[in-house]
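So the sequences go chain by chain: A and Y. Each residue of the first sequence is one higher than the last, beginning at 364 in the working numbering. Each residue of the second sequence is one higher than the last, beginning at 6 in the working numbering. Cβ coordinates follow ideal geometry from the N, Cα and C atoms, glycine included. These notes are about the structure you will find just below.
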Amino acid sequence: MTTRIDTRFAELKKQGRSAFVTYVMAGDPDLTTSLDIVKALPKAGADVIELGIPFTDPMADGPSIQAAGLRALKNGMTLKKTLELVRDFRKDDNVTPLVLMGYYNPIYIYGVDKFLADAKTSGVDGLIIVDLPPEEDDELCIPALKAGLNFIRLATPTTDDKRLPAVLANTSGFVYYVSIAGITGAAAADANAVGEAVARIKRHTKLPICVGFGIRTPEAARAIAEKADGSVVGTALVDALKNSLDAEGRATAKTVNAVAELTAALAQGVKGAKQAAE
Amino acid sequence: MNIAKPNSYRSGPDERGHFGIFGGRFVAETLMPLILDLEKAYTAAKADPAFQAEMNGYLKNYVGRPSPLYFAERLTEHLGGAKIYLKREELNHTGSHKVNNVLGQIMLARRMGKKRIIAETGAGQHGVATATLCARFGLECVVYMGAVDVERQQPNVIRMEMLGATVVPVQSGTRTLKDAMNEALRDWVTNVHNTFYCIGTVAGPHPYPTLVRDFQSIIGNETKTQMQEVEGRLPDSLVACIGGGSNAMGLFHPFLDDPSVEIFGVEAAGHGLTQLHAASIAGGRPGVLHGNRTYLLMDADGQIQDAHSISAGLDYPGIGPEHSWLHEIGRVNYLSATDDEALAAFQLLSRLEGIIPALEPAHAIAKVMELAPKRPRDHLMVVNLSGRGDKDVPQVGDILRGKSK
């Protein structure tokens, strides 16, 4: 099977540049604004979109993304509406890869088979589910692969060479390397350490490797882009969104632009990177 | 439930940490190598007689075990039915059953060379036990506690600080036990190399539910021996309160394969099961949170709901996975007691036996008040008095004087 993710990374490889992956929370701060933001991302230079599924207890996320999820939930966001958002986005954009990222419980409660069918129909390309390690592959990973969705696994600094093959076994689309041991939005990643880690993972897989956690600026994004097949920025975009809200946490006329402008600046950083050494 | 009865109720979990469909290892990849290491270290420790011998020494001389099995004569007379025994876990050093598990985990942490210990706490009993053993063994200790709980359990916050621990009030989410657990997991994922996460209950990713159960099973094992000495036979029923369910699992597990023993777990019904409560089995359904699949309180979208209980130690929207399994398979009966019932039981035990219970086991006493009168005078009922009430004295005092509710 070839997904939009596979196609996009193949194109970028031909162009000789690294991917810019953006993360925003679905429904933050409300459904309408969120759809406008997601639509604006590819135009601003995002190559791949990660869309967060709001959850009350996001145990791998820092304060910014926790708050984003709670803002969305407060305004009535659900997994069902997240899938509707993707469907609406797909009306105008049938090429940009879109990956849902979140935690397992909302999917488990929605029903795995129904979720996979609805996600596929809505135009979702892949899933990153933080609390499903390879030990729990039977839950969602294997069914997702059968349903034609990529299951993108996280590899971390604690994933050693012995464990990597298990982590990579059922991974598809790309590998998401978590550059630091920690939560989203925490310490900055060291580009040299990231380079070594990417090289280590490359010895085990031909899949593209995207790096995330701790990348906030165009300079940092460029440094990572020179070492990896893609860099992921989430917390910085979520913070830009938050800073554009009014005192009651509602969207303002500036909200969509605030995210789009930072996305454009970060995309410039990534596109200015020298090609990653193969 | 049409589930086939197993040959033994005590053989779980399987090698992947499952009790039926419950349990498992639902954690971020960063933590996966750590819990695999923990499982390996625990398996090795269990097989090492020196580990158990060292633990037995501390259990006897530091914790003060065995804890007495006490015949509650006046409570028995008052209720006019079953003969009621209290398993006096509140007499342990630090004032609750929590120390049994913490001792085991701290000994494991030392074997694994970890110098920094983190813990979550609700009522503060697990936090105090962890702070105590960290002081004893010279380890750094950080305790995460919901800001709401910091407020209502001040005596335990002060105790933890006196013992040298850092108490971090957690402001995220509902600011209670579940958020303290989220924050502890976030700390662990950040400080993977030097940190040991000392979980306080029979929940979390495998192997925690198993190892906490094993360390707490001393409660039930002692009860079996003591009852044999006093009455020459097994008890007829067991009653214990349940938040995550560690004191209950510790009492129940050694008796699961004794079919004559009726077993009752008591969840916190808060303001009542149709209002805000913390009874995951009575009011929840299976979901995935904090590393395991278990009964949880949640909405139709799978979002975790606020729990409520007068008792901070029971104020959690989930329950240990083995309890979920024991419920589905029908071996244990899960009941619930409201805030008001627990308050009444708190006062009754204080007045009749001169024992001020913690609000948590007051929930168990509340159901004993219903169960005991319906049973004959030769029925032997054991209730786990899992903690003492000193920490609750200011809060209950305010409520009884009508200052707050």
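Candidates Met254(Y), His102(Y), Ile111(Y), Gly118(Y), of which the one nearest Ala128(Y) by Cα: His102(Y)
Distance between beta carbons of Val411(A) and Ile368(A), contact taken as under 8 angstroms: 7 angstroms
Ala87(Y) CB to nearest heavy atom of the ligand NAD below 7 angstroms: As for the ligand NAD, it is missing from this structure, which has no ligand bound.
Whole runs of the beta strand (DSSP E) within the stretch 463-505 of chain A, excluding any shorter than 3 residues: Counting only runs of 3 or more, we get 489-492.
Beta-carbon contacts of Ala185(Y) that lie in its chain and below 6 angstroms, excluding the five residues immediately before and after: Glu125, Tyr149, Met150, Gly151, Val175
Between the CA atoms of Pro399(Y) and Thr598(A) - distance to the nearest angstrom: 42 angstroms
Asn389(Y), enclosing beta strand (DSSP E) - first and last residue: Counting along the chain, Asn389(Y) sits inside the beta strand (DSSP E) bounded by residues 385-389.
Presumed contact (8 angstroms Cβ cut-off) between Ser391(Y) and Glu78(Y), rounded CB distance: In fact, because the Cβ distance is near 21 angstroms, the residues do not count as touching under 8 angstroms.
Coarse secondary structure for Cys203(Y), derived from DSSP in three states: coil
Boundaries (first-last residue) of the alpha helix (DSSP H) holding Lys88(Y): In the DSSP annotation of this structure, Lys88(Y) is not part of any alpha helix (DSSP H); the continuous beta strand (DSSP E) holding it starts and ends at 88-92.
The beta strand (DSSP E) enclosing Gly275(Y), as first and last residue numbers: 267-275
Strand pairing of Ala55(Y), partner residues [DSSP]: Answer is none; Ala55(Y) lacks a bridge partner.
DSSP state of Gly392(Y) mapped onto helix, strand, coil: strand
Exposure of Glu641(A), with buried meaning 16 or more beta-carbon neighbours within 10 Å: In this predicted model, Glu641(A) has a pLDDT of only 45, less than 50, meaning its place in the structure is not dependable enough to derive any value.
Between the CA atoms of Lys379(Y) and Asn264(Y) - distance to the nearest angstrom: Residue identity differs from the one stated: residue 264(Y) is Pro in this sequence, not Asn. Pro264(Y) and Lys379(Y): Cα-Cα distance of roughly 20 angstroms.
Other residues of its chain near Val153(Y): CB distance less than 7 angstroms, five sequence neighbours each side excluded: Arg180, Thr181
N-terminal and C-terminal residue of the alpha helix (DSSP H) that Met303(Y) is part of: Note, Met303(Y): premise wrong, no alpha helix (DSSP H); not H, not E.
Cβ neighbour criterion (16 or more within 10 Å) applied to Ala630(A): buried
Terminal residues of the alpha helix (DSSP H) in which Ala584(A) lies: Run containing Ala584(A): 581-588, per the alpha helix (DSSP H) assignment.
DSSP-derived helix/strand/coil call for Glu611(A): coil
From Ala134(Y), Ile247(Y), Pro362(Y), Ser251(Y), residue whose alpha carbon lies closest to that of Arg164(Y): Ala134(Y)
Through-space distance from His368(Y) to Glu346(Y), alpha-carbon basis: Glu346(Y) and His368(Y) have their C-alpha atoms some 7 angstroms from each other.
Within-8 angstroms CB hit, Phe383(A) to chain Y: no
Local Cβ density within 10 Å of Thr521(A), reported as buried at 16 or more and exposed below that: buried
Residue closest to Arg396(Y), alpha-carbon to alpha-carbon, out of Phe76(Y), Gly17(Y), Gln159(Y): Before going on, a small fix: residue 396(Y) reads as Lys here, not Arg. Among Phe76(Y), Gly17(Y), Gln159(Y), the Cα nearest to that of Lys396(Y) is on Gln159(Y).
Residues that DSSP places opposite Met150(Y) in a beta bridge: Answer is Thr126(Y), Pro174(Y).
Contact set between the stretch 417-429 of chain A and chain Y, restricted to residues whose Cβ is under 9 angstroms from the partner: Close to chain Y, meaning a Cβ-Cβ distance shorter than 9 angstroms, are the following residues of the stretch 417-429 of chain A: Pro417, Phe418, Thr419, Asp420, Pro421, Met422, Ala423, Asp424, Gly425, Pro426, Gln429.
Within chain A, partners of Asn187(Y) - CB distance below 7 angstroms: Asp420, Met422
Contacting positions in the stretch 16-38 of chain Y - beta carbon closer than 9 angstroms to chain A: Arg21, Gly22, Gly29, Arg30, Phe31, Val32, Ala33, Glu34, Thr35, Leu36, Met37, Pro38
Below-8 angstroms beta-carbon distance, Thr230(Y) vs any chain A residue: no
Test: Asp154(Y) CB closer than 8 angstroms to a CB of chain A: Any Cβ of chain A closer than 8 angstroms to the Cβ of Asp154(Y) would place that residue at the interface, and such an atom is absent.
Beta carbon proximity, Leu281(Y) to chain A, threshold 8 angstroms: Output row for Leu281(Y): interface = no.
Val493(A) at chain Y interface by Cβ criterion, 8 angstroms: yes
Counted within 10 angstroms of its Cβ, other Cβ atoms place Gly29(Y) as buried (16 or more) or exposed: buried
Three-state secondary structure (DSSP) of Tyr386(A): Of the three classes helix, strand and coil, the one that applies to Tyr386(A) here is strand, per DSSP.
Cα-Cα separation between Leu113(Y) and Pro496(A), rounded to whole angstroms: 24 angstroms
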